[in-house]
Each structure stands twice: as C-alpha cells, then as structure tokens.
Amino acid sequence: LYRVPVTVDVAAKGQKQVALLRQPDVLVERLYAATLDYRDGNGGSRPMTLRLRLQNRKADGLGLAMPSGRVALFETIDGQRLLAGETDIGDKAEGERVDYDIAQSADVRIMAVIGGQSAKARRWTLTLTNARPFDATAEILIPHDIAPRPTQMERRGNSWVWRAIIPANGQVSYSYDQKLR
Numbered sequence: 334l335y336r337v338p339v340t341v342d343v344a345a346k347g348q349k350q351v352a353l354l355r356q357p358d359v360l361v362e363r364l365y366a367a368t369l370d371y372r373d374g375n376g377g378s379r380p381m382t383l384r385l386r387l388q389n390r391k392a393d394g395l396g397l398a399m400p401s402g403r404v405a406l407f408e409t410i411d412g413q414r415l416l417a418g419e420t421d422i423g424d425k426a427e428g429e430r431v432d433y434d435i436a437q438s439a440d441v442r443i444m445a446v447i448g449g450q451s452a453k454a455r456r457w458t459l460t461l462t463n464a465r466p467f468d469a470t471a472e473i474l475i476p477h478d479i480a481p482r483p484t485q486m487e488r489r490g491n492s493w494v495w496r497a498i499i500p501a502n503g504q505v506s507y508s509y510d511q512k513l514r
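As structure tokens, this is what we get:
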C-alpha cells in the first residue's frame with residue numbers, strides 16, 4: 334500500500350500521477366547488454382542495449398518495494414536536468430536486482446560468427462566493438478550449452494553470462510564451442 338501525501342479525489346475516469354520515488358544518489362551500474370538469438374551467427378553486427386542496473390538495497394540508496402509502472406530517468410548535464418530515458422518495470426521487492434533497458438546504442442555493437450560445425454559442436458566467435466571514447470562494460474547472455482563448461486562465467490537461468498570490458502574505441506572477442514545434442 335502506498336500513501337499519497339496530497340489530497341486526491343476519486344472522480345470517475347480521474348487520474349493522478351504520483352512521483353513515488355525521487356531518489357538522488359542511487360548507486361547505478363551502466364552496462365551494455367545483448368542476448369544471442371536466431372538472428373546471430375551470420376557475421377552481421379547489431380546494436381547492444383544500454384542498461385542501467387541497480388540493487389534495491391538501502392546500502393545502495395533504495396531499499397523499498399517498488400510497484401510496477403513507468404520509470405523516467407534523469408541526469409544533470411551542465412546544470413540542466415535532462416531526461417535520459419523512460420522504461421516500464423514490474424514489481425520489485427527490496428533486495429532484488431533492477432534492470433532499466435534505456436535504448437539501443439549504435440556505438441556499442443555485437444557480432445556473432447559461426448566458424449565451423451561438426452556433428453558434436455558448433456564454433457562461435459563473439460566480437461564486441463565500442464566506438465565510444467571510454468571503456469564500456471558489456472553483458473552477453475549465451476543460451477548455448479558450452480563445452481567445456483566455463484569456469485569464469487555466471488549461470489543465469491539456462492544461459493551463460495559473459496561479462497567483458499570493451500576498451501574505448503576498441504573491441505574484445507570470445508570464442509567457444511556450442512555442444513550439439
């Protein structure tokens with residue numbers, strides 16, 4: 334239950350917009366995200382998604398249940414408060430990870446190439462490029478059974494999570510074998 338700190342009527346078809354959260358100084362991680370899917374493997378590149386990630390914890394500046402709805406994100410540049418983006422989120426409990434997917438980035442891209450295939454495996458090479466003047470953190474969900482199993486990657490659901498730092502105006506690659514059944 335959320336208490337609205339102003340008088341509100343309940344007129345038919347009436348609407349009331351409420352600024353539920355106005356939290357300054359929330360710790361936020363900026364990263365670029367992508368998930369491999371059926372479009373990948375042909376050598377074409379596509380833009381990655383700019384994602385802002387936060388942990389809904391008091392220690393990180395939040396720590397309260399958040400209802401689903403539309404979120405507007407602002408940043409201050411040269412003293413001006415500017416809209417950085419808007420996105421929809423679902424209900425989030427205290428302690429839960431919150432991801433805001435803001436926009437596609439033409440400057441940070443992913444390219445996947447299938448280099449070869451046998452009856453048992455398919456060879457993939459992923460290349461991430463960064464045309465920005467600063468390093469970019471990337472997170473790629475790989476929904477494949479990788480052989481041998483990676484020891485330095487997190488498992489999230491049925492996917493492996495490859496996290497990499499892409500150097501400014503540079504690229505980084507990762508090759509692996511997809512185990513075929």
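Everything in the sequence shown is counted per my numbering, starting at 334 for the first residue and increasing by one. C-beta atoms are modelled at their ideal positions from N, C-alpha and C, and glycine is treated no differently. Just so you know, these numbers come straight off a predicted model, no measurement behind them.
Looking at the backbone, the Cα of F407 and that of A436 are separated by about 14 Å.
A straight line joining the alpha-carbon of A454 with that of L395 spans about 45 Å.
Counting C-beta atoms within 10 angstroms of its own C-beta, Y365 has 16 or more neighbours from the protein chains shown and is therefore classed as buried. Linking G377 to R386 through their CA atoms gives a straight-line distance of about 27 Å. Secondary structure at K512: strand, using DSSP grouped into helix, strand and coil. In terms of Cβ geometry, V505 and L461 form a close pair [threshold 9 Å]. G449 is the residue among P380, A464 and G449 whose C-alpha sits nearest the C-alpha of K512.
Rounded to whole angstroms, the Cβ separation of S508 and R465 is 24 Å, and the two are not in contact under 8 Å. In this structure R390 does not touch I443 by the C-beta definition: roughly 30 Å separates them, more than the 8 Å allowed. Nearest to R430 by C-alpha distance, out of I479, V361 and R482, is V361.
For E487, the beta-bridge partners assigned by DSSP are V494.
If you draw a straight line from the Cα of G402 to the Cα of L474, it is about 25 Å long. In the three-state DSSP reduction, K391 falls in the helix class (H, G or I). Here S451 is not bridged, per DSSP, to any residue. Around the beta carbon of A471, a 10 Å sphere encloses 16 or more other beta carbons of the protein chains shown; the residue is thus reported as buried.
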